[in-house]
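One structure is given here, and the rest of the page talks about it.
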Amino acid sequence: MKICRRDALKGFAVGAGGILLGKPFDLLEAIAAEGYSRREYNRVLLTTENKEPFKTSEIKKNENYIFFYPYHNIPVLLLNLNETIEPLKVESETGQFYIHPGGVGANKSIAAYVAICTHEFVRPNPSETLIKYYPPGETSFIYGGDNVICCCAHGSAYNPSAGGKVMQIPAEYPLTAVELEWDFNSDSLYAKALIGRNPPFKEIFKEDGEGKLVTENTPVKKLNDYTKKIVRC
Ligand code: FES
0 MKICRRDALK GFAVGAGGIL LGKPFDLLEA IAAEGYSRRE YNRVLLTTEN KEPFKTSEIK
60 KNENYIFFYP YHNIPVLLLN LNETIEPLKV ESETGQFYIH PGGVGANKSI AAYVAICTHE
120 FVRPNPSETL IKYYPPGETS FIYGGDNVIC CCAHGSAYNP SAGGKVMQIP AEYPLTAVEL
180 EWDFNSDSLY AKALIGRNPP FKEIFKEDGE GKLVTENTPV KKLNDYTKKI VRC
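Have a look at this one:
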């Protein structure tokens with residue numbers, strides 16, 4: 000989806016905690032690029048299961064959290080990495096690119112990605128999960144390293160510190176990022192848009208339909224509280 004210049008600037012400002020980050024040159028490049036994509040949905044508060052705001056201070060480093068956004072059946076991985084995630088250009092195998100706005104929170108280390116593998120759309124479900132984040136110290140043997148999101152279905156790997164870009168095929172497209180807004184005063188988080196370029200996802204989102212959009216809040220839980228079995232690879 001193409002966006003106008005004003006929408007792009009708004010998105011960048013929010014993703015960067017109210018300050019326009021990123022190099023102006025890259026921003027202009029991104030706006031001009033055919034593949035740039037930011038789709039705005041409802042601004043939704045992330046909560047605990049008791050519907051209290053889920054504070055960024057509660058997000059443990061290296062833990063896999065899950066919530067659903069922008070539809071009730073679209074799972075999203077919420078991660079607090081060990082490093083600041085800077086805004087950066089994300090390129091797909093097909094050469095198109097867009098700008099990931101970087102991390103949010105006090106250390107700009109919190110990011111969220113749609114947990115649907117862009118290869119054949121494997122996603123977590125309550126019985127079993129094949130896609131997860133491998134934090135530092137937990138090596139994915141199929142990838143041969145850590146600090147990576149891997150899908151055990153066929154071995155695709157993505158870099159959560161670099162906008163979800165593909166580190167290992169067969170996936171062609173980066174993970175779609177969820178744009179987060181951090182409220183400094185309340186320490187709460189909102190999800191408000193998807194950022195990425197992943198043409199096949201249009202079909203998934205179309206199937207889900209308007210009626211199932213998440214509207215006001217979405218509960219966050221640990222991945223291992225959501226799913227019975229996490230497959231590691
Ligand atoms: S579905 Fe994930 S690697 Fe194939």
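Going by numbering that gives the first Met the number 0, 157 is the number at position 158 of the sequence shown; the sequence numbering is gapless. We put the CB at the ideal spot given by N, CA and C, even for glycine.
In the displayed model, Tyr-97 falls within a strand according to three-state DSSP. Nearest in C-alpha terms to Ser-160, of all of Pro-169, Pro-135 and Cys-151, is Pro-135. Between the C-alpha atoms of Lys-220 and Leu-77 there is a straight-line separation of about 9 Å.
Of the candidates Glu-178, Ser-187 and Lys-107, the residue whose Cα lies closest to the Cα of Glu-85 is Lys-107. Annotation for Tyr-157: no alpha helix (DSSP H) segment contains it, though the beta strand (DSSP E) segment containing it runs 156-158. Taking non-hydrogen atoms of ligand 1 into account, the C-beta of Ser-155 is found less than 6 Å away from one of them.
Distances from the CB of Ala-114 to the heavy atoms of ligand 1 are all 6 Å or more.
Contact fails between the region 178-194 and the region 125-133, because fewer than three Cβ pairs, one in each stretch, are under 8 Å apart. The C-beta distance from Thr-217 to Ala-176 rounds to 16 Å, too long to meet the 8 Å contact threshold. DSSP places Tyr-225 in the uninterrupted alpha helix (DSSP H) bounded by 222-225. In the DSSP assignment, Ile-130 forms a beta bridge with Cys-150.
Nearest neighbour of Glu-82 by Cα position, chosen from Ala-105, His-99 and Pro-74, turns out to be Ala-105.
Ranked by how close their Cα comes to the Cα of Val-43, the residues Val-121, Cys-149, Phe-67 and Lys-60 have Phe-67 in first place. Closest in alpha carbon position to Leu-45, among Thr-214, Ile-115 and Val-230, is Thr-214. Asn-184 and Thr-47 have their C-alpha atoms spaced approximately 18 Å apart. Between Asp-145 and the set Phe-53, Met-166 and Leu-222, the nearest pair of CA atoms involves Met-166. Note on geometry: alpha-carbon atoms of Thr-55 and Leu-222 lie some 17 Å from one another. Its Cα nearest to that of Arg-38, the residue Tyr-70 stands out among Lys-164, Tyr-70, Lys-59 and Tyr-64. For Ala-111, the enclosing beta strand (DSSP E) has its first and last residue at 109-113. In the structure shown, Thr-175 falls within a coil segment according to DSSP collapsed to helix, strand and coil. Short note on Glu-171: C-beta not closer than 6 Å to any heavy atom of ligand 1. In this chain, the beta strand (DSSP E) harbouring Tyr-64 covers 64-67.
In the same chain as Gly-162, and ignoring 5 residues on each side of it, the C-beta atoms closer than 7 Å to its own belong to Leu-87, Val-89, His-99, Pro-173 and Ala-176, in chain order. The straight-line gap separating the alpha-carbon atoms of Tyr-112 and Ala-152 is approximately 18 Å.
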